[in-house]
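Mapping the sequence shown onto UniProt numbering, position 118 (from 1) lands on 118, and the numbers just tick up by one.
The beta carbon of each residue, even a glycine, is placed where N, CA and C say it ideally should be.
Working notes, structure below.
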Amino acid sequence: MTGNFRAVSSAQPRTGAFSSLGRRLVLATLLFSLVFTLAMVTWRTWLAWENNLAEMNSELVLIDQVFQNTLAHAIWEMDRESLDQQIASVATAAPVGRVVLNIVRPGQPPEIIELNRYTVESSGAAPVLHRQLVAQPYAGAHEKVGELTIEGDNRLLWERLWDEARSIVITQVIQSLLLAGLVMTMFNRLVTVHVVHIARHLGEVAPQTLKRHLRLQRAVHRQDELSLLECQVNELQDNLHAHLERQRSDELALAASRDQLAQLVEARTAELKAANQALEALSRHDALTGLANRRYFDELKEVEFRRAIRHKTPLAVLMCDVDFFKIYNDTYGHMQGDQCLKQIAETLRSVFGRSGELAARLGGEEFVVVLPNVDARQASEAAHRLRASLAERELPHSGSSVSRFVTLSIGIAELDPESMDHFDQLLQRADQALYRAKHQGRDCVAL
Ligand SMILES: Nc1nc2c(ncn2[C@@H]2O[C@H](COP(=O)(O)OP(=O)(O)OP(=O)(O)O)[C@@H](O)[C@H]2O)c(=O)[nH]1
């Protein structure tokens, strides 16, 4: 499950290098401030220009109001000295750049007095004031004596504009820089720090740390986008934790039921195996005597035959038949006959209990014994041991004409690799020997 989590610290942006949100915001703010500053400077400079023009015009009007009557009077009175002084005063007043006085006298050509503040003629946008000078030599008389033209000082106008523009630019730039700094600081404190904190927290999220909630370090807890994000991250962690817990308990339950199922399957398999073994035992063994039955004997006989041929070892077979068993049954009853067959089987088991020796009931009262690594002589000794062992049991057989007890006739055959190529030939040979034993009077062994 840990593999389902990826550390944020190792995650890279999809394309390009890492670019801080705060830096981009500052750049955008600075760009905006620059454009805004340019616009503001232009607009405020234009306003300042208009103000300066109006102010200079007012100053010229004021000068004109101060001097128009005294000038008209000096012209009327032909007071040259006063006239020159006044013209010089007007020309040296601060906002004045040029003064032109056109003196009109009846019958004389007009006289023009012009004073320039600067040697070089400056013409420009400064305001110009034209005033007709009228003298009042007596009450009710109006005599036009001249015309006064006052032109504003262009240089002064531009100097004033330049001073104002400079202060406008400085204040706008400072204002913009302060605004950008404020935005950057606020954004950094209010957003960037917390976004980085959230990214680090998410990078450390793992199944075992899901219960550790995200806690934003904020002086004042406000309900805003960040608190919403904090809440959603914690809710996601809780859901994930609950889901993992559910998954874990489901896995445990599944494992428990799997174990239970495995135990059940194991028990059922054992039962089945036991039943199969029982079935197999039943299918391979004679129900009455417990000896191998004909089917099992048929399975094993060829194996032993091939082994003896391959290893060139001797192999002997005993064919055993109970003597006068029909009479036994007739005398003691079929049930007793069964008990007798069981006793004979027990005798066979006790005599031929070594590994490899096989005693089987072929049917009725007929038994066969396969003896690997045993030749005819040894088989004969074994047959006699069998007869002796049966005799020891002293199973009464009153109907027998050869003994008071139950006896066996035994035919022996030994494998002859030259003349035999399958087991039945050996069995047939043993059967023929048994036939001879019966004809020799029973209760004997024949080769
Ligand atoms: N009780 C009992 N009798 C069986 C069983 N199988 C076969 N018999 C009897 O065994 C008898 C065999 O008789 P016979 O083949 O005539 O041979 P015998 O009487 O033993 O005579 P000889 O072999 O010539 O000595 C028959 O009467 C069968 O009914 C069995 O499982 N139980």
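With contacts defined as CB atoms closer than 8 Å, Val370 and Glu266 fail to qualify as a contacting pair. For Glu111, the enclosing beta strand (DSSP E) has its first and last residue at 111-116. Around the beta carbon of Cys231, a 10 Å sphere encloses fewer than 16 other beta carbons of the protein chains shown; the residue is thus reported as exposed.
Contact between the stretch 159-168 and the stretch 179-198 is not established, with fewer than three Cβ pairs separated by less than 8 Å. Judged by the Cβ position, Phe325 qualifies as a neighbour of ligand 1 at the 7 Å threshold, a heavy atom of the ligand being closer than this.
Put simply, of Ser257, Ala376, Ala383, Ser419 the residue whose alpha carbon is nearest the alpha carbon of Leu348 is Ala383. Distance from the CA atom of His142 to the CA atom of Asn69, rounded to whole angstroms, is 12 Å. The beta-carbon distance between Thr407 and Ala345, rounded to whole angstroms, is 16 Å. This is too long to meet the 8 Å contact definition.
Assignment of beta-bridge partners to Glu366 by DSSP yields Asp321, Gly363.
A Cβ-Cβ distance of about 13 Å is found for the pair Ala308 and Leu358, leaving them out of contact under the 8 Å criterion. In the DSSP assignment, the residues bridged to Thr149 are Val100, His130.
Counting the other Cβ atoms within 10 Å of the Cβ of Thr92 gives fewer than 16, which makes it exposed. Judged by the Cβ position, Lys438 qualifies as a neighbour of ligand 1 at the 7 Å threshold, a heavy atom of the ligand being closer than this. Non-local beta-carbon contacts of Arg429 in its own chain, meaning distances under 7 Å to residues more than five positions away in sequence, involve Ala413 in chain order.
If you check the CB distance, Ser409 and Arg361 do not come in under 8 Å.
Glu266 carries a helical assignment under DSSP once its states are collapsed to helix, strand and coil. Boundaries around Gly181 are those of the alpha helix (DSSP H), 154-187, since no beta strand (DSSP E) includes it.
DSSP, read as helix, strand or coil, puts Phe405 in strand.
Arg131 is not a Cβ neighbour of Leu115, given a cutoff of 8 Å.
For the pair Thr37 and Gly152, the Cα-to-Cα distance works out to about 31 Å. Pro95 and Glu59 have their C-alpha atoms roughly 7 Å apart. Looking at the backbone, the Cα of Leu178 and that of Leu47 are separated by about 24 Å. Remark: the C-beta of Leu264 is outside contact range of ligand 1, defined as less than 7 Å to any heavy atom. DSSP, reduced to helix, strand and coil, places Glu280 within a helical segment of the structure shown.
In the three-state reduction of the DSSP assignment, Val205 falls in the coil class, being assigned neither a helical nor a strand state. DSSP places His243 within a helical segment (H, G or I) once states are collapsed to three. Beta-bridge partners of Ile309 (DSSP): none assigned. Between the C-alpha atoms of Val193 and Leu226 there is a straight-line separation of about 11 Å. With a cut-off of 7 Å, the C-beta of Glu346 is classified as distant from ligand 1, since no heavy atom of the ligand falls inside that distance.
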